[in-house]
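Number of protein chains: 2
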Amino acid sequence: MVDDSTERLNRAFAALADPTRRDLVARLAGGDATVGELAEPYDMSLQAVSKHVKVLEEAGLVTRSKDAQRRPVHLDAEVFGLMTKWIERYRREAEERYRRLDALLARMADDEEPTHTDTRDAS
Amino acid sequence: MVDDSTERLNRAFAALADPTRRDLVARLAGGDATVGELAEPYDMSLQAVSKHVKVLEEAGLVTRSKDAQRRPVHLDAEVFGLMTKWIERYRREAEERYRRLDALLARMADDEEPTHTDTRDAS
DNA sequence: GGCTTTGTCAACCTGTTGGTTGAGAAAGGT
DNA sequence: ACCTTTCTCAACCAACAGGTTGACAAAGCC
Numbered sequence: 089m090v091d092d093s094t095e096r097l098n099r100a101f102a103a104l105a106d107p108t109r110r111d112l113v114a115r116l117a118g119g120d121a122t123v124g125e126l127a128e129p130y131d132m133s134l135q136a137v138s139k140h141v142k143v144l145e146e147a148g149l150v151t152r153s154k155d156a157q158r159r160p161v162h163l164d165a166e167v168f169g170l171m172t173k174w175i176e177r178y179r180r181e182a183e184e185r186y187r188r189l190d191a192l193l194a195r196m197a198d199d200e201e202p203t204h205t206d207t208r209d210a211s
Numbered sequence: 089m090v091d092d093s094t095e096r097l098n099r100a101f102a103a104l105a106d107p108t109r110r111d112l113v114a115r116l117a118g119g120d121a122t123v124g125e126l127a128e129p130y131d132m133s134l135q136a137v138s139k140h141v142k143v144l145e146e147a148g149l150v151t152r153s154k155d156a157q158r159r160p161v162h163l164d165a166e167v168f169g170l171m172t173k174w175i176e177r178y179r180r181e182a183e184e185r186y187r188r189l190d191a192l193l194a195r196m197a198d199d200e201e202p203t204h205t206d207t208r209d210a211s
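Keeping their order, the protein sequence lines are chains X and D. Heads up: the first sequence begins at 89 in our numbering, then just goes up one per residue. Heads up: the second sequence begins at 89 in our numbering, then just goes up one per residue.
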């Protein structure tokens with residue numbers, strides 16, 4: 089058992105690690121497009137773009153419908169939610185820890201240097 | 089010119105594509121740890137974990153201080169912010185588009201089947 | 001000074017990624 | 001029927017990723 093959401097996150101993060109694929113996502117956010125349309129601006133073969141789209145599809149970031157011989161690619165927002173949920177969880181924790189550490193350091197500084205006036209021992 | 093934030097996102101997403109590294113992040117969210125401590129639970133050499141930490145470090149997800157011969161690893165929340173910003177932007181757009189399409193389809197359905205009663209032509 | 005602890009660096013191996021080209025499948029157009 | 005358009009599949013290749021082991025650097029401890 090490898091936990092399904094682990095596998096989904098593996099694929100999703102890996103998919104978005106490639107700048108070409110992030111660019112595809114950005115463009116698809118503006119509307120569906122065919123593989124040919126997607127490939128047009130890049131200096132790269134159609135097959136290469138087709139592969140990229142396949143990676144996005146297997147990551148669940150994108151779906152394809154069938155319209156005659158065209159196969160319009162459609163951005164699917166769902167997995168994005170899973171990703172941000174993961175990231176934000178640990179970001180919150182890290183920031184929380186940072187905040188507390190900061191407070192602790194502030195207290196320590198106060199103890200060490202109570203008022204900055206009169207450092208002489210009263211005893 | 090390759091755009092600096094593109095390169096940072098490449099590294100950040102790639103770093104989190106590996107489940108071991110995501111696990112490291114999860115554990116570091118609970119507190120700083122040394123490489124040795126981090127490596128302990130895994131069935132993997134210390135060197136391998138050291139490499140993973142290095143990847144996280146180069147992705148800017150983690151920093152290291154120097155405490156004698158130990159080098160405690162510390163989770164840094166900043167890049168996470170960059171990632172969620174990227175993801176959420178396109179998620180919002182995709183959902184917005186979906187919402188509008190949905191509305192459009194609803195209107196079309198209404199036009200085609202006004203009340204569902206009386207489909208006969210009035211002419 | 002020598003030993004221990006903690007971690008990195010270098011070389012190596014294997015599987016995966018991201019690109020290429022060439023062939024061909026699938027659906028329509030004429 | 002044949003041609004065109006759109007796209008995928010297969011084979012190949014160079015580069016990279018993630019693991020291994022072995023050597024060694026750096027900072028205490030005795």
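The beta-carbon is built from N, C-alpha and C at its ideal position, and this holds for glycine as well. Only a predicted model underlies this, so the values are computations on that prediction, with no experimental measurement involved.
Can you tell me whether residue i is buried or exposed, with buried defined as 16 or more other CB within 10 angstroms of its CB?
| i | result |
| --- | --- |
| M171 of chain X | buried |
| L163 of chain X | buried |
| R179 of chain D | buried |
| A165 of chain D | buried |
With C-beta atoms as the reference, is residue i less than 8 Å away from residue j?
| i | j | result |
| --- | --- | --- |
| L126 of chain D | L112 of chain D | yes |
| A117 of chain D | E176 of chain X | no |
| A105 of chain D | A194 of chain X | no |
In chain X, what lies closer than 7 Å to residue i by C-beta?
| i | result |
| --- | --- |
| L104 of chain D | F101 |
| T94 of chain D | P107 |
Give the interface partners of residue i over in chain X, defined as CB-CB distance under 8 Å, in chain order.
| i | result |
| --- | --- |
| R187 of chain D | Chain X residues near R187 of chain D: none, gap ~11 Å exceeds 8 Å. |
| R179 of chain D | A165, F168, G169, T172 |
Would you mind telling me which residues of chain D sit closer than 8 Å to residue i, beta carbon to beta carbon, in chain order?
| i | result |
| --- | --- |
| M132 of chain X | Ordered by position in chain D, no residue passes the 8 Å Cβ test against M132 of chain X, which lies about 16 Å from the chain. |
| V141 of chain X | Under the 8 Å cutoff, chain D gives no residues; its nearest Cβ is about 16 Å from V141 of chain X. |
| V113 of chain X | Y178 |
Cutting at 8 Å between CB atoms, please list the residues of its own chain near residue i, excluding the five before and the five after it.
| i | result |
| --- | --- |
| A121 of chain D | R115, P160, V161 |
| F101 of chain X | M171 |
| V167 of chain X | R96, A100, A147, G148, L149 |
| Y186 of chain X | none |
| S93 of chain D | L170 |
For residue i, which residues in the same chain have their Cβ closer than 6 Å to its Cβ, ignoring the five residues on either side in sequence?
| i | result |
| --- | --- |
| D190 of chain D | none |
| S153 of chain D | P160 |
| D206 of chain D | Confidence in D206 of chain D is poor, its pLDDT being 46 and thus under 50, which makes the residue's placement too unreliable to answer from. |
| H204 of chain D | With a pLDDT of 47 at H204 of chain D, under the threshold of 50, the modelled position of this residue cannot be trusted, and the question is left open. |
List the residues of chain X whose Cβ lies closer than 9 Å to the Cβ of residue i, in chain order.
| i | result |
| --- | --- |
| L97 of chain D | L104, A105, P107, R110 |
| G119 of chain D | R185 |
Can you list, in chain order, the residues of its chain with a C-beta nearer than 7 Å to that of residue i? Leave out the 5 residues immediately preceding and following it.
| i | result |
| --- | --- |
| R109 of chain D | A103, H140, V143, L144 |
| V137 of chain D | V123, L126, A127, Y130 |
| L192 of chain D | none |
| E184 of chain D | none |
Give me the chain D residues within the contact set of residue i, using Cβ-Cβ distance strictly less than 9 Å, ordered along the chain.
| i | result |
| --- | --- |
| E176 of chain X | F168, T172 |
| V161 of chain X | None at all; the shortest Cβ gap to chain D is about 12 Å. |
| A127 of chain X | Ordered by position in chain D, no residue passes the 9 Å Cβ test against A127 of chain X, which lies about 20 Å from the chain. |
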